[in-house]
Amino acid sequence: MSNVAPSPMSARPGGPLTGTAHVPGDKSISHRALILGAMSVGRTRITGLLEGQDVLDTARAMRAMGARIERLNPGEWIVDGVGVGGFGEPEGVIDCGNSGTGVRLIMGAVATTPITVTFTGDASLSRRPMRRITDPLALFGAEIIAREGGLLPVTIRGAQDAVPVRYQTPVASAQIKSAVLLAGLNAPGQTVVIEAEPTRDHTERMLTGFGATITTEITPEGRVITLTGQPELLGQNVAVPRDPSSAAFPVAAALIVPGSEVRVPGISRNPTRDGLFVTLQEMGADLTWENPRDEGGEPVADLIVRHSTLHGVEVPAERAASMIDEFPILSVVAAMAQGKTVMNGVAELRVKESDRIDAMARGLRDNGVSVDETPDSMTVHGRGVIPGGGAPAATHLDHRIAMSFLVAGLAAQAPVRVDDGGAIATSFPDFVRLMRNLGADLGPDA
1 MSNVAPSPMS
11 ARPGGPLTGT
21 AHVPGDKSIS
31 HRALILGAMS
41 VGRTRITGLL
51 EGQDVLDTAR
61 AMRAMGARIE
71 RLNPGEWIVD
81 GVGVGGFGEP
91 EGVIDCGNSG
101 TGVRLIMGAV
111 ATTPITVTFT
121 GDASLSRRPM
131 RRITDPLALF
141 GAEIIAREGG
151 LLPVTIRGAQ
161 DAVPVRYQTP
171 VASAQIKSAV
181 LLAGLNAPGQ
191 TVVIEAEPTR
201 DHTERMLTGF
211 GATITTEITP
221 EGRVITLTGQ
231 PELLGQNVAV
241 PRDPSSAAFP
251 VAAALIVPGS
261 EVRVPGISRN
271 PTRDGLFVTL
281 QEMGADLTWE
291 NPRDEGGEPV
301 ADLIVRHSTL
311 HGVEVPAERA
321 ASMIDEFPIL
331 SVVAAMAQGK
341 TVMNGVAELR
351 VKESDRIDAM
361 ARGLRDNGVS
371 VDETPDSMTV
381 HGRGVIPGGG
391 APAATHLDHR
401 IAMSFLVAGL
411 AAQAPVRVDD
421 GGAIATSFPD
431 FVRLMRNLGA
441 DLGPDA
């Protein structure tokens, strides 16, 4: 993406947003469905797959290591897997583009198979920390060669004789947990992950669905997840629910644009992903959930959101893991609320696709909003208004930063611009069309 010319975009205030927002499939589940399908015996059929660039890069990686993957229709894919331990050595480098989830999970999946794989990514991904993944993978017996600082490109020579691992995650991270569990699939005995704070549990749910034996126990140490290694995973039918992190953008827009009412069907209601909606309701958001049901082992429901008068709140640190990707858009909502919103426990935002605390703070200040930050917190002083009209917000190749500022522009007093909207395609390729269909005035910057 770094070799592609920037695509400046802007969003302008306008009328109410109305209609139905069919947001894309969940990115986290889409990655996992492809990887576990590739590690299974037989055929996995996936419906609702997110066809953003991040997920397409994961599909390409699975093909490079021997799985047969075919797109039948929009969102409908089949994966003919190679079984646990069946990956073949790829002929070239595995390029994961902009996807931290993709590269970290695939590293785990190959770490206990005796093949050599080199991983790379775009300029943004190449700045993100990988040692948090490679350190525990080395405990299985994998050999790791990385750029100074543990950065991409990273070469992994998978363990010849893998050993099971017991690992306590140093930070709340579903990517670390998932990488260790995926590595544990091809190790004998039991691999154990201990996490002090719960993180999104899609990997555990999906491993169970594909036939692995995995248990979760709450102990004084924390959440103890135990996986029995070397199972035969069997291909499954996977229905991917709609992504709550993507839904956050039309939901936020409807909340802050006067007169709006938007329906967002089929959103995942996984309790490890629900922090944003809990927080919005605490702020006074008018959210109505309807038609709760289960899809592919995940709870889902339809959401109706209406424009609301909002007030600032303090978000507790223990909630951060359940909404870590939603803090950028929450900071926009907080600017349109009355009073101070304090977001605690958000240090992880500094090592995402960008330093999201810094990026949002700078962009909001440029658009007339007062923001304070510390290494682990962000405070937005809401006055119910975003003046807008500042310098273009720097997105740093980060899709969530770009979409957050474009949503801000819909309720600001003057247009809000971003320097590059190209990264939006990594997670939400239909974002502009979907928002325009609701009545939003946004698009390429003239």
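The sequence shown lines up with residues 1 to 446 when you count with UniProt numbering.
All C-beta atoms, glycine included, are put in the ideal place defined by N, C-alpha and C.
Predicted model, so just to flag it, every value in this text is computed and none were measured.
Grouping DSSP H, G and I as helix and E and B as strand, with all else coil, what is residue i?
i, result
"Leu199", "As written in the sequence, residue 199 is Thr, which differs from the Leu given in the question. Reduced to three states, the DSSP call for Thr199 is coil."
"Pro244", "helix"
"Met343", "strand"
"His396", "coil"
"Ala159", "coil"
"Met9", "strand"
"Gly100", "helix"
"Met360", "helix"
"Met1", "With a pLDDT of only 40 at Met1, under the threshold of 50, the placement of this residue in the model should not be trusted, and no figure is reported."
"Leu349", "helix"
"Pro271", "helix"
"Val251", "helix"
"Ala321", "helix"
"Ala67", "coil"
"Asp122", "coil"
"Glu148", "coil"
"Thr208", "helix"
"Pro292", "strand"
"Ala301", "strand"
Note down the Cα distance separating residue i from residue j, rounded to an integer number of angstroms.
i, j, result
"Gly149", "Asn291", "48 Å"
"Leu303", "Pro387", "29 Å"
"Gly97", "Met9", "22 Å"
"Leu438", "Thr20", "7 Å"
"Val84", "Gln160", "14 Å"
"Glu435", "Ser245", "The residue asked about is misnamed: residue 435 is Met in this sequence, not Glu. Going from the Cα of Met435 to the Cα of Ser245 covers about 15 Å."
"residue 465", "Gly363", "This structure cannot settle anything about residue 465, because the visible part of the chain is limited to 1 through 446."
"Gly389", "His31", "37 Å"
"Leu125", "Leu152", "8 Å"
"Val165", "Gln190", "8 Å"
"Arg12", "Val305", "21 Å"
"Arg212", "Asp243", "Checking the sequence shown, residue 212 turns out to be Ala, not Arg. Distance between the alpha carbons of Ala212 and Asp243 is about 25 Å."
"Arg147", "Val103", "15 Å"
"Glu204", "Gly14", "43 Å"
"Val251", "Ser308", "11 Å"
"Ser2", "Thr120", "Caution is warranted here: a pLDDT of 46 is assigned to Ser2, below 50, making its placement in the model unreliable, and no coordinate value can be reported."
"Ile144", "Val110", "12 Å"
"Ile194", "Leu207", "17 Å"
"Pro136", "Ser173", "13 Å"
"Ile176", "Thr112", "15 Å"
Closer than 6 Å by C-beta to residue i: which residues in its own chain qualify, once you throw out the five before and the five after it? Chain order, please.
i, result
"Glu314", "Val342"
"Glu217", "Val224"
"Phe61", "In the sequence under discussion, the amino acid at residue 61 is Ala, which differs from the Phe named in the question. Once the five neighbours on either side are set aside, the close Cβ partners of Ala61 are Ile94, Ile106."
"Trp77", "Ile46, Leu49, Arg71"
"His396", "Ser354, Ala359"
"Thr279", "Val315"
"Glu348", "Ile324"
"Ala196", "Gly222"
"Leu410", "Ala11, Ala253, Val257, Ala440"
Could you check whether the Cβ of residue i sits closer than 7 Å to any heavy atom belonging to the ligand FMN?
i, result
"Pro244", "The ligand FMN is not part of the structure shown, which contains no ligands of any sort."
In chain order, what residues of the same chain have a beta carbon less than 8 Å from the beta carbon of residue i, not counting five sequence neighbours either side?
i, result
"Thr116", "Glu89, Thr155, Ile156, Arg157, Gly158"
"Ala74", "The question names Ala, but residue 74 in the sequence shown is Pro. So the qualifying residues of the chain are Glu51."
"Leu181", "Gly108, Thr191, Val193, Thr203, Glu204, Leu207, Ile214, Ile225, Leu227"
Say whether chain C places a C-beta atom closer than 8 Å to the C-beta of residue i.
i, result
"Gly229", "Looking at the structure shown, chain C is missing, and only one protein chain is on hand."
Got a sec, what are the start and stop residues for the beta strand (DSSP E) residue i sits in?
i, result
"Gly443", "441 to 444"
"Ser370", "370 to 374"
"Thr215", "214 to 219"
"Phe428", "Segment: none, Phe428 is in no beta strand (DSSP E) and carries neither H nor E."
"Phe277", "No beta strand (DSSP E) contains Phe277, which is instead part of the alpha helix (DSSP H) from 275 to 282."
"Arg45", "43 to 47"
Return the chain-ordered list of same chain residues with a C-beta closer than 7 Å to the C-beta of residue i, the five sequence neighbours on each side being excluded.
i, result
"Leu17", "Ala253, Ala254, Val257, Ser260, Val262, Leu438, Gly439, Ala440"
"Ala5", "none"
Give the range of the alpha helix (DSSP H) segment to which residue i is assigned.
i, result
"His31", "27 to 38"
"Asp420", "Per DSSP, Asp420 belongs to no alpha helix (DSSP H) and is neither H nor E."
"Ala174", "174 to 184"
"Gly312", "Looking at the DSSP string, Gly312 is not in any alpha helix (DSSP H), and its letter there is neither H nor E."
"Ser331", "327 to 335"
"Ile78", "Note, Ile78: premise wrong, no alpha helix (DSSP H); beta strand (DSSP E) at 76 to 80."
"Thr20", "Looking at the DSSP string, Thr20 is not in any alpha helix (DSSP H); the run it does join, the beta strand (DSSP E), is 18 to 20."
Would residue i and residue j qualify as a contact pair, given that the criterion is a beta-carbon distance under 8 Å?
i, j, result
"Ala38", "Gly108", "no"
"Gly86", "Leu234", "no"
"Thr334", "Gly312", "With the sequence shown as reference, residue 334 is identified as Ala, and Thr is not the correct amino acid for it. The answer is yes: Cβ separation under 8 Å."
"Ala248", "Leu287", "no"
"Ala393", "Gly421", "no"
"Asp376", "Val346", "yes"
"Val301", "Ile267", "Looking at the sequence shown, residue 301 is not Val but Ala. In this structure, Ile267 lies closer than 8 Å to Ala301 by Cβ."
"Asn344", "Ala317", "yes"
"Ile69", "Val79", "yes"
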